[in-house]
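Residue numbering for the sequence shown follows our numbering, starting at 12 and increasing by one per position. Glycine included, C-beta positions come from ideal geometry on N, C-alpha and C.
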Amino acid sequence: MGSDAYVPLFETKRAKERVIRRLFAASIFVGIGFIVVYRLSHRPRNGEDGRWAWIGLLGAELWFSLYWVLTQALRWNCVYRRTFKDRLSQRYENDLPGVDIFVCTADPKTEQPIMVINTVLSVMAYDYPTEKLSVYLSDDAAHDITFYALIEASHFAEHWIPYCKKFYVEPRSPGAYFQSISEPHEAEEAKGFLAIKILIDGRDPKAKDIDGCSLPTLVHLAREKRPQHPHNFKAGAMNALIRVSQNISNGQIILNVDCDMYSNYSSSVRDALCFFLDEKKGHEIAFVQFPQSFGNITKNEIYDGSMRIGMDVEFHGMDGYGGPPYVGTGCFHRRNTLTGKKFDNECMEDWKREETVDKIKALASCTYEENTQWGKEMGVKYGCPVEDVITGLSIQTRGWKSVYFNPERKAFLGVATTTLPQTLVQHKRWSAGDFLILLSSYSPAWYARGKISFGLQLGYCCYCLWAPNCFATLYYTIIPSLYLLKGISLFPKASSPWCMPFAFVLSAKNLYSLAEFLRCGGTILGWWNSQRIWLYKRTSSYLFGFIDAVLMSAGFSQPAFEITAKVADEDVIERYEKEMMEFGPGASSSSPMFIILATLALLNLFCFVGLVAKVATGDANIRIDTLVLQILLCGILVLINWPLFQGLLLRRDNGKMPSSITVKSIGLAMKVGPVGFCIAAILAFIFSPQAVYGIRFVIDREECFSHNVQYEGDTVHASFVVIKADSSWYSSHDGVDLVVKGPASDQIHDFRDKISEKFEFVAHHKGVHRFCFTNKSPYHETIDFDVHVGHFSYYDEHAKDEHFNPLLEQISKLEEALYNIQFEQHWLEAQTERQAIVNEAMSRRAVYKAFWESTALVGASVLQVYLLRRLFERKLGMSRV
Ligand SMILES: O=c1ccn([C@@H]2O[C@H](COP(=O)(O)OP(=O)(O)O[C@H]3O[C@H](CO)[C@@H](O)[C@H](O)[C@H]3O)[C@@H](O)[C@H]2O)c(=O)[nH]1
Ligand SMILES: [Mn+2]
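Laid out in structure tokens, this is it:
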């Protein structure tokens, strides 16, 4: 071990320009003070116009000031870390600890298996002794497709890992390395399926790669889930992994990554260990958090996807006060801080494969945790949509420190959201979760007092107060504009000296934030975009996040975890890359948020246009000089909403704002005042419909699809299933015809009266192939159609490189296997669904029959009564005459 004098394994530096920063902050603080003084001293008297609006503005400004102070805590004391990996190898190469890597996945629909196994392969290929490395994949959907994909990955690893090591490949995610792409697919919902499978047993002498070196352990875990037992989402998965891994590899260090975050640097494990193994300071560190970085960020990041400021400024600020929060991915934990001492003392068992697997199974069953401390004092915490932050905070309140390590080369790369709905829904979850922490018994505001440093408390509060931020922001975006239209001034006159603090604070704050953004590597347009997202999050996600959190903490609703989609259609991706804002049909839970955003934008537009009209017609009530700041505010709000107006009114592509929302929000903006607006928003929220997925269409007479085959000789796989017919009475003959034609109109296949079919053919010509369905029955039919072209492009691109060839062959095999699995799966699912619908229709028919029979009876008796009455009436009438 070490030499005589202590040489640290890592170094910590404070930010240089702290003094200037602090002076600048102080000047803004003074400006804010003046604004508050102005508000207090110039309030309109009782009965004067705008008195209540004025008091509301004072409230909003006080809130903003408080919040601004909190954000200063995140910047006051930034620190930066550096590691010395060479010293680590010198001192510890033979005594490196075991590292268990947890990868979580939950839904093959939104998280494609190909992405998941890329992540798995990238972490299996870490530059670390393989016998000390174990990778666990938790699949919460317990889906066959993920499991088979992982089996394929385990075979592929035998080729991939030695290749990476031999040629120093970076990054070690094959997908990222080869820039491969694949397509989203349909899949089934979670079952109550429990399985643990050790796919590669690192201790098995036969588990070797093609060069004869041992492989890291690879385990697949599908824990048991049943409706009556809460499964606690990712937190539940993490705790099951903690227990299972303890009985298999029991690594002292645990790395947790989301399934979309591949390792981008093979030495990150060593970086993290430099902190844990440092002789002087290592023992107090509980976890090492790496930044969340993303591989799919565009230049001007239209959704502020990189979270630049958080990752490059604020987390460094928290690090200066005792450590960043745990953010769920890219985080190395010391195992015993996650589990608590209880489990620490239990020694590891000698294990033989079969026996252990059975024993371990109990650890991942849905009842194991009943009456235990799991999810409370032990493991990752339950009951909070941001299980990561609350778990990290509770570790810190137990006296541990954490470390933020943000190296030049990104350690992990994930998938950032690519549509506005995804972004808003993700922030709704985060803001709800963080606010729930503030209300919980682990609140950073009171519980943490004296347990973590004051600066860190403020830093946590800054995130936990995201949700309540919505009110002040909503107020500021609605009220001044409405009063502008009335010509009532709520800000100082342009000529008044009181205008100064407003002008100063506004410009200084924004210039500072722009400078900060540019320094973190952003662009000017990117900053402008980030301001828009800032506004959108605060006026929509945070409002709903607030409502969610209040409902959850009052016990009216259960915490949920809406998984962020990591797949998108080709045209969506195309628009994302062009940086066009995507409003299009997405998660429908976001549509109430859209209504708010669109209404707000239109409201400001109407107010602005209305004012211009009034000025043009020489309205005597409008005195421009008293309204300058209000005009500016309203004007900026109109300007920043430009992409939204485009989406609402000008665009024609699929990513535009759904027209139902356009209509609703125009109506709202014209009619309602703020109160009606809130009620409408809440109603919209409650009645929002559920999302539907599917590559499906309804056919009336004939429907044709074309699919481009890029290379001659490619294999085309296709399948279809008639899912249901409009009329359930004739289901016995609801087949359709399908004619497949090649580019030269040559007929390839001709199916007649088929309910389902799966076939493949080799394309003799490249070009557009046509698939024409004909429905001869008199009613509509719904058809599930899937077509795929198998082509292994790696052959063309890299065929010249001799080192590549064997590996490429493996890749093709892997790709082919995965692709066949997906295809097969889709077909099976469509058929199962058809069966279910047929069954349902049958039972429905029985009910119908009974219903019609009784209706007929009732009808007949009603008719009889009626006829009898008429008869009597007529008789009575006649007798009266
Ligand atoms: O029931 C579930 C739900 C989710 N997950 C996994 O959790 C991870 C994160 O889910 P995602 O939908 O990608 O959420 P994000 O908002 O992108 O995730 C961030 O925020 C979460 C807390 O809100 C953290 O758990 C994540 O680690 C962090 O990356 C993914 O790997 C999922 O597969 C599960 O394992 N089981
Ligand atoms: Mn994610």
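Which residues mark the beginning and the end of the beta strand (DSSP E) in which residue i is found?
| i | result |
| --- | --- |
| Ala-16 | Ala-16 -> no beta strand (DSSP E), and no H or E assigned at all. |
| Gly-778 | 778-785 |
| Lys-765 | 758-765 |
| Gln-718 | Reading the sequence as shown, one finds His at residue 718 and not Gln. 713-720 is the span of the beta strand (DSSP E), which, as asked, contains His-718. |
| Arg-93 | 90-94 |
| Phe-298 | 296-300 |
| Ala-206 | 206-211 |
| Tyr-276 | No beta strand (DSSP E) holds Tyr-276; DSSP gives it neither H nor E. |
| Cys-531 | Cys-531 -> no beta strand (DSSP E), and no H or E assigned at all. |
| His-231 | 228-233 |
Could you give the C-beta distance for residue i and residue j, rounded to a whole number, given that I count them as a contact under 8 Å?
| i | j | result |
| --- | --- | --- |
| Pro-396 | Phe-572 | 6 Å |
| Ser-676 | Ala-624 | Not confirmed; about 21 Å, so no contact. |
| Ala-422 | Gly-341 | 6 Å |
| Asn-243 | Gly-386 | 6 Å |
| Ala-478 | Ala-560 | 6 Å |
| Gly-316 | Asp-399 | Between Asp-399 and Gly-316 the Cβ distance is about 19 Å, and since that is not below 8 Å, they are no contact. |
| Ile-401 | Ile-448 | 5 Å |
| Asp-636 | Lys-504 | 6 Å |
| Gly-658 | Phe-594 | 5 Å |
Between residue i and residue j, is the Cβ-Cβ spacing less than 8 Å?
| i | j | result |
| --- | --- | --- |
| Pro-185 | Ala-160 | no |
| His-791 | Ile-710 | yes |
| Pro-335 | Phe-326 | yes |
| Phe-113 | Leu-252 | yes |
| Phe-35 | Arg-319 | no |
| Met-592 | Ile-313 | yes |
| Asn-250 | Val-391 | yes |
| Thr-408 | Ile-463 | yes |
| Ile-606 | Leu-622 | no |
| His-170 | Ile-221 | yes |
| Asp-330 | Val-414 | yes |
| Asp-111 | Gly-262 | yes |
| Leu-229 | Met-126 | no |
| His-780 | His-718 | yes |
| Tyr-337 | Gly-403 | yes |
Return yes when at least one heavy atom of ligand 2 lies under 7 Å from the C-beta of residue i, else no.
| i | result |
| --- | --- |
| Asp-271 | yes |
| Thr-121 | no |
| Gly-425 | yes |
| Thr-430 | no |
| Thr-130 | no |
| Thr-434 | no |
Do residue i and ligand 1 come close, with the Cβ less than 7 Å from some heavy atom?
| i | result |
| --- | --- |
| Cys-115 | yes |
| Glu-792 | no |
| Val-620 | no |
| Asp-151 | yes |
| Thr-157 | no |
| Phe-572 | yes |
| Gly-444 | yes |
| Val-414 | no |
| Val-338 | yes |
| Lys-27 | no |
| Lys-245 | yes |
| Glu-398 | yes |
| Gln-437 | yes |
| Gln-300 | no |
| Gln-303 | yes |
| Arg-440 | yes |
| Ala-248 | yes |
Provide the residue span of the alpha helix (DSSP H) that contains residue i, from first to last.
| i | result |
| --- | --- |
| Arg-346 | 346-350 |
| Cys-473 | 465-475 |
| Ile-43 | 29-52 |
| Ile-125 | 124-135 |
Nearer than 7 Å: is that true of the beta carbon of residue i relative to any heavy atom of ligand 4?
| i | result |
| --- | --- |
| Thr-575 | Because ligand 4 does not appear in the structure shown, any question about it cannot be addressed here, the ligands present being ligand 1 and ligand 2. |
With a threshold of 8 Å between beta-carbons, can residue i be considered close to chain D, or not?
| i | result |
| --- | --- |
| Lys-769 | In summary, chain D is missing from the structure at hand, where a single protein chain is found. |
ask   = Of all the alpha helix (DSSP H) runs that stay within the bounds of the stretch 384-419, which reach a length of 4 or more residues?
value = 398-408
ask   = What are the start and end residues of each continuous alpha helix (DSSP H) run of 4 or more residues lying completely inside the stretch 430-456, in chain order?
value = 431-450
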